[in-house]
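Have a look at the structure below before the remarks.
In the UniProt record's numbering, the protein residues as written are 1 to 250.
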């Protein structure tokens, strides 16, 4: 039996953001600040002393209310933010998947966006070409390949975004997959069902997966461990059903 590999190790992670609360005040307030030589700032603590680890093949859920620190923790794991204190170690290739998607270029065509987004995600042109028809077919937008994205509805953009992201990630086959509130593709019911099955395929593909979500049904369905964050602090980390029960009772 192959020993599991430690893929993510977060130790005593804290994150502080500096907020300049005078930035929207008038000229007089700014002048007083300059004359006094004082910079009026306050700190917002997004995470405080959070620790957890995940091994190969484990699926970890992160739950908590808005502002609990879920997305901040994922961004630290992904290297988008740096921890103010503590550290995160990752071992393996990873992809960070967010509900904001890839940020498609509205003035480019669907075809151009597929090639651009694929390149940004690390695929070579020949690899994108191999995936092109799959992306188009899955999106259900074959009649709009040479239309500019600004002509698309919000639902069409979401379908294209999901299709590009899924097939590019599938091709890269990452060892670590970070998912931030992605469930729900913004398409019609049929596309939502297709997208849900593809997400399940990704999650059960053997990678170490960390999912941040408000949807407790999704967390319970896919995750074997759950980290509960509250006001930036870890209140519980352990077996998914028990941790979710504690969260619901709180």
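Beta carbons are placed, not taken as given, at the ideal position from N, Cα and C, and that holds for glycine.
Item, Value
"Take residue 231 and list the residues in its own chain whose beta-carbon comes closer than 7 Å to its own, dropping the five residues that flank it on each side.", "68"
"Give me, in chain order, the residues of the same chain whose beta-carbon lies closer than 7 Å to that of residue 147; leave out the 5 immediate sequence neighbours on both sides.", "109 and 110"
"Please state whether DSSP places residue 96 in a helix, a strand or coil.", "strand"
"Please state whether DSSP places residue 230 in a helix, a strand or coil.", "strand"
"What separation, rounded to the nearest whole angstrom, lies between the Cα atoms of residue 220 and residue 226?", "9 Å"
"CA-CA distance, residue 52 and residue 117?", "32 Å"
"Distance, Cα to Cα, residue 42 vs residue 152?", "42 Å"
"On a CA-only basis, which of 168, 6, 5 and 46 is nearest residue 19? Give me that one, please.", "46"
"With a floor of 3 residues, list each beta strand (DSSP E) that falls wholly inside the stretch 142-224, ordered by position along the chain.", "176-180 and 208-212"
"Taking a contact to mean a Cβ-Cβ separation below 8 Å, would you say residue 61 touches residue 223 in this structure?", "yes"
"So, helix, strand or coil for residue 56, using DSSP?", "coil"
"Can you grab the Cα-Cα spacing for the pair residue 130 / residue 201, in whole Å?", "20 Å"
"Tell me, please, whether the stretch 138-145 touches the stretch 157-168 by the rule of three or more beta-carbon pairs shorter than 8 Å.", "yes"
"How about the stretch 169-183 and the stretch 206-215: do they share at least three Cβ pairs that are nearer than 8 Å?", "yes"
"How big is the Cα-Cα spacing for residue 154 and residue 35?", "50 Å"
"So, at 6 Å on beta carbons, what are the nonlocal neighbours of residue 5 in its own chain, with the 5 sequence-adjacent residues on each side left out?", "56"
"Under DSSP, the beta strand (DSSP E) around residue 87 begins and ends at which residues?", "85-90"
"In this structure, what does DSSP give as the bridge partners for residue 237?", "227"
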